[in-house]
Amino acid sequence: MNGILRNFAVFEGCDGSGTSTQLSLLGQKYASSGRKPVFYPTFEPTDGAIGGLIRSALKNDTFFKAETLARLFAADRNEHLYAAGGVIERCRRGELVVCDRYVPSSLVYQGIECGDELPRSLNSAFPAPELLLFFDIDPKTALERLQNRSSLEIYEYLEFQKKVRERYHSLLGRYKDAGFGVEIIDASQNREKVAEDVWAAVSKMPIFE
Ligand code: TMP
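Shown next, in the form of C-alpha cells:
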C-alpha cells in the first residue's frame, strides 16, 4: 500500500467474526465518551452503485468472474476513498474514520479466488490505515454465528473461511514487519469484552493525544 492515512482505522476478520457489531458498539461507546474528533463509521463494500453490484454478486443474484469482482471491489474502494466527502477528505480534516473491511479483505479473499498478483496490483496505490484491528476467531465458531441468517453469501463456507484466516495471519505478519499498526483482538470472547479490547486499541490512536 501507498503511505499511511492518518486517523484511519480498519476492522478485518473472517465472515462472522463480529466486525459490524463491534463497529456499532464502538460508535455507542464513542458517543458516550464525549470524545472530540468527529467519528465516522463506514464499510466496504459500500452502499454506493458499485457496492450494490458487489452485494448482488455476494448473494449469488448476479454472477461475475472472480477477476471482475476483484476489479469491482477496487473500483468501489476508489470511490469510497476519493469521492467528495469520502474517507480521505474526512481523515484529512481530522475526523476519525473506522471502516469495516478494506484492502486486506481484497488481498485475502480475492487472493484466494484469483491469485495474489491481481488484487495486489489493483490495490497498490491505496493508502494504508493507521491501525488495523484483526478480529481473530476459529472459522467454525464464526460460521455458527451466521446460521440463523436466511441465506449465506458466496464466501461463507468453512473450507473457504479456513483459507481466509490463514491468509490473514500471514498478511498481518508482513504488515507488522513493514511497521504498520496491527492489533489482534480475540473475537471469541463475549461481545462486551471484545468491545473493551477494541476501545483500548482505538483510543491509543494519535488523534486522541
Ligand atoms: P461483510 O460480510 O463484512 O459485509 O463483507 C462482505 C463480504 O465481502 C465478505 O465475505 C468479505 C468480502 N469482501 C471481499 O471479498 N473483498 C473485499 O475487498 C471486501 C471489502 C469484502
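Residue numbers (my numbering): 18 to 226.
Backbone N, C-alpha and C define an ideal beta-carbon position, used for all residues, glycine too.
For the ligand TMP, which residues have a Cβ under 5 Å from at least one heavy atom, in chain order?
Asp32, Glu61, Phe90, Arg118, Ser122, Ser123, Tyr126 and Tyr172
With respect to the beta strand (DSSP E) encompassing Cys31, which residues constitute its N-terminal and C-terminal limits?
Note, Cys31: premise wrong, no beta strand (DSSP E); not H, not E.
In terms of residue numbering, what span does the beta strand (DSSP E) encompassing Asp153 cover?
Ala145 to Asp153
If you draw a straight line from the alpha carbon of Asp143 to that of Phe177, how long is it in whole angstroms?
Correcting the residue identity first, residue 143 is Phe in this sequence and not Asp. In a straight line, the C-alpha of Phe143 is about 26 Å away from that of Phe177.
Is the beta carbon of Leu113 closer than 9 Å to that of Ile105?
no
For Ile224 and Leu148, I'd like the C-alpha separation in whole angstroms.
12 Å
Name the DSSP bridge partner or partners of Thr59?
Cys116
From Lys82, Asn24 and Asp93, pick the residue whose C-alpha is nearest to that of Gly69; which is it?
Asp93
Would you kindly report the start and end of the unbroken alpha helix (DSSP H) that includes Glu200?
From DSSP, Glu200 is part of no alpha helix (DSSP H) but of the beta strand (DSSP E) over Gly198 to Asp203.
Short of 7 Å in beta carbon distance, which residues of its chain neighbour Gly247, apart from the five on each side in sequence? Order them along the chain.
With the chain covering 18 to 226 only, the question about residue 247 has no answer from this structure.
Sheet register partners of Leu22 (DSSP bridge):
Pro146
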